[in-house]
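Peer 1: Residue numbers for the sequence shown follow our numbering, beginning at 1 and rising by one.
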Amino acid sequence: MFAKGNELVSIIEEFAPPGSALPGDVTGLQWGDLQREVPAVLLSLDFSVEVLEEALETEASFIFTHHPFLYQPLKKLDLQNPRESLIARAVSKGITLYSAHTNLDVAPGGVNDVLAELLGLTNLKVLAPTGGEELEKLVTFIPEGFEDRVLDAVCSAGAGWIGNYSHCTYQLLGTGTFMPREGTSPFIGKQGALEKVREVRLETVLPKKRRNDVIQALLAAHPYEEVAYDLYPLNINGQVWGLGRVGELKEALSLQELAERCRALLNPDHLKVLGNLKSKIRKVAVLGGSGGDYLESALKSGSDVFLTGDVKFHQAQQAELNGLALIDAGHDATEWPVIFSMAAFLKEKVSQKNLQTKILVSQKRKKMWHVFV
1 MFAKGNELVS
11 IIEEFAPPGS
21 ALPGDVTGLQ
31 WGDLQREVPA
41 VLLSLDFSVE
51 VLEEALETEA
61 SFIFTHHPFL
71 YQPLKKLDLQ
81 NPRESLIARA
91 VSKGITLYSA
101 HTNLDVAPGG
111 VNDVLAELLG
121 LTNLKVLAPT
131 GGEELEKLVT
141 FIPEGFEDRV
151 LDAVCSAGAG
161 WIGNYSHCTY
171 QLLGTGTFMP
181 REGTSPFIGK
191 QGALEKVREV
201 RLETVLPKKR
211 RNDVIQALLA
221 AHPYEEVAYD
231 LYPLNINGQV
241 WGLGRVGELK
251 EALSLQELAE
261 RCRALLNPDH
271 LKVLGNLKSK
281 IRKVAVLGGS
291 GGDYLESALK
301 SGSDVFLTGD
311 VKFHQAQQAE
321 LNGLALIDAG
331 HDATEWPVIF
341 SMAAFLKEKV
351 SQKNLQTKIL
361 VSQKRKKMWH
371 VFV
């Protein structure tokens, strides 16, 4: 059985929730039929003529891209216009296009985490926070002796995380009362009799986005026919998300050595480096894509170097004046690694669901520039 488009969207949005995208950004379905079965998914940084041809050749009816093709609303469909003609051809061939843009940039495990981890950075922090995860508190009441089973179930479903600590709960022993009525099948007690049961009150936190998974796990693991639980909104944020990452190299490198590592790992069109090539680099700021506008964040982070793409001339001047080294590896080269990470995530989830949909990474990575030196 193949996955349907809406199942794939649910998986993608688990990884990169649309609500975490920057205001005004375009993310989500670009066009297509999400009720159709999908034999194969093709992942690419961008949608293009070459990627469409590749999708048709590989029978991939669902294309995932990081960059949205329809960034501005489409007001007409002129088949003499190359861009609009490409859209029409994709639609006529039954191709669905879905894009995750800045929500994939900020996502844990997204563009910037992948870039930082590829370079071997540790002690990662967000460079430019843009939001935080909404948290809720779950309270439930469990007959004594079954609390470990329920705890493990809800925590395995995503509850109980505080920082890097998992299975965080508070438990209090007390007495629960109930009277089973006609039509019930009580786990404990008899119809018409008031029961007093030693119960454990279990409290834990969960991300709002995982609420449904956690509640389903609670109901499945809890022995009672009718499960009592409360959910409370919390006026605190959990995990902070945002653009870019700041981390440390395990061992200091010269700027030249780090630049050579970037060239080998990212395979960019070109690599521009600003700063003393012999200077020692330990703390590194990264921002995949176009990061010049976040130069101030890189300066405030105390980093020795800022790796990004599309740095403008005056931004480079400002970095030089403030003693911050720059490595400009280009827009696409700093973002392509996340496509492989997304493919691995989709493969794992599709396999877990016993679906036969193939997950493919585009072989049509396009280097736009001819570089003369």
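Using N, Cα and C, we set each Cβ at its ideal position, and we do this for glycine too.
Predicted model, so just to flag it, every value in this text is computed and none were measured.
Mind the definition here: the stretch 310-325 touches the stretch 348-356 only if three or more C-beta pairs lie below 8 Å; say whether that holds.
Peer 2: The stretch 310-325, when compared against the stretch 348-356, does not touch it at the 8 Å Cβ threshold.
Peer 1: If the criterion is Cβ atoms closer than 8 Å, does the pair residue 319 and residue 295 meet it?
Peer 2: In this structure, residue 295 lies closer than 8 Å to residue 319 by Cβ.
Peer 1: Could you pull out every unbroken beta strand (DSSP E) segment of at least 3 residues lying fully inside the stretch 311-338, listed in chain order?
Peer 2: Counting whole runs of 3 or more residues, the stretch 311-338 contains the beta strand (DSSP E) stretches 325-328.
Peer 1: Only counting the same chain, and skipping five residues up and downstream in sequence, which positions put a Cβ closer than 6 Å to that of residue 90?
Peer 2: The residues are 52.
Peer 1: Pop quiz: residue 342 and residue 43 are said to be a contact at Cβ under 8 Å. What is the actual Cβ separation, rounded to whole angstroms?
Peer 2: Going by Cβ atoms, the distance from residue 342 to residue 43 rounds to 6 Å, so yes, they are a contact pair.
Peer 1: Is the beta carbon of residue 138 closer than 8 Å to that of residue 214?
Peer 2: Yes; because the gap between Cβ atoms is below 8 Å, this pair is in contact.
Peer 1: Return helix, strand or coil for residue 184, following the three-state DSSP convention.
Peer 2: In the structure shown, residue 184 sits in coil (DSSP, three-state: anything other than H, G, I, E or B).
Peer 1: Counting C-beta neighbours from all protein chains within 10 Å, is the total for residue 78 16 or more, i.e. buried, or is it exposed?
Peer 2: Residue 78 should be labelled exposed.
Peer 1: Within 10 angstroms of its Cβ, does residue 370 collect 16 or more other Cβ (buried), or is it exposed?
Peer 2: Residue 370 comes out exposed.
Peer 1: Going by the C-beta, is residue 172 closer than 7 Å to any heavy atom of the ligand FMN?
Peer 2: For the ligand FMN, the structure offers nothing, since it holds no ligand at all.
Peer 1: Evaluate contact between the stretch 109-120 and the stretch 191-201, counting only Cβ atoms and requiring at least three cross-stretch pairs below 8 Å.
Peer 2: Contact fails: fewer than three Cβ-Cβ distances are below 8 Å.
Peer 1: Whole-angstrom Cβ separation of residue 241 and residue 131, contact assumed at under 8 Å?
Peer 2: Yes, residue 241 and residue 131 are in contact; Cβ-Cβ is about 6 Å, under 8 Å.
Peer 1: DSSP three-state label for residue 92, please.
Peer 2: Residue state, collapsed to three classes: helix.
Peer 1: In terms of residue numbering, what span does the beta strand (DSSP E) encompassing residue 230 cover?
Peer 2: 229-254 is the span of the beta strand (DSSP E), which, as asked, contains residue 230.
Peer 1: According to DSSP, is residue 197 helix, strand or coil?
Peer 2: Here residue 197 sits in strand by DSSP.
Peer 1: Determine whether the beta carbon atoms of residue 45 and residue 339 lie at a separation below 8 Å.
Peer 2: Their beta carbons are under 8 Å apart, which means residue 45 touches residue 339 by this criterion.
Peer 1: Could you give the DSSP three-state label for residue 39: helix, strand or coil?
Peer 2: Three-state result, residue 39: coil.
Peer 1: Spatial neighbours of residue 222 within its chain, please: CB distance less than 6 Å, with the 5 preceding and 5 following residues excluded, ordered by chain position.
Peer 2: Same-chain partners within the cutoff: 150.
Peer 1: Could you check whether the stretch 66-74 touches the stretch 87-106, counting it as contact only if at least three pairs of C-beta atoms, one from each stretch, sit closer than 8 Å?
Peer 2: Contact between the stretch 66-74 and the stretch 87-106 is present, because at least three Cβ pairs lie under 8 Å.
Peer 1: Starting from the Cα of residue 236, find the closest Cα among 123, 207, 30, 211 and give me that residue.
Peer 2: Among 123, 207, 30, 211, the Cα nearest to that of residue 236 is on 207.
Peer 1: Out of 363, 372, 373, state which residue places its alpha-carbon closest to the alpha-carbon of residue 54.
Peer 2: Per the Cα distances, 363.
Peer 1: Which residue from 172, 183, 268, 182 puts its Cα closest to that of residue 201?
Peer 2: Nearest C-alpha to residue 201: 172.
Peer 1: If you check the beta carbons only, do residue 228 and residue 140 fall under 8 Å apart?
Peer 2: Yes; because the gap between Cβ atoms is below 8 Å, this pair is in contact.
Peer 1: Using the C-alpha atoms, what's the distance from residue 230 back to residue 308?
Peer 2: Using only the alpha carbons, I get a separation of about 45 Å.
Peer 1: Could you please give the first and the last residue of the uninterrupted alpha helix (DSSP H) stretch that includes residue 15?
Peer 2: Per DSSP, residue 15 belongs to the alpha helix (DSSP H) from 5-15.
Peer 1: Give me the Cα-Cα distance between residue 107 and residue 11, rounded to the nearest whole angstrom.
Peer 2: When rounded, the distance between both Cα atoms is 14 Å.
Peer 1: Which residues bound the alpha helix (DSSP H) around residue 177?
Peer 2: From DSSP, residue 177 is part of no alpha helix (DSSP H) but of the beta strand (DSSP E) over 169-178.
Peer 1: For residue 166, collect the residues of the same chain with a Cβ closer than 8 Å to its Cβ; drop the 5 residues on either side in sequence, then sort them by chain order.
Peer 2: Excluding sequence neighbours, residue 166 sits near 155, 160.
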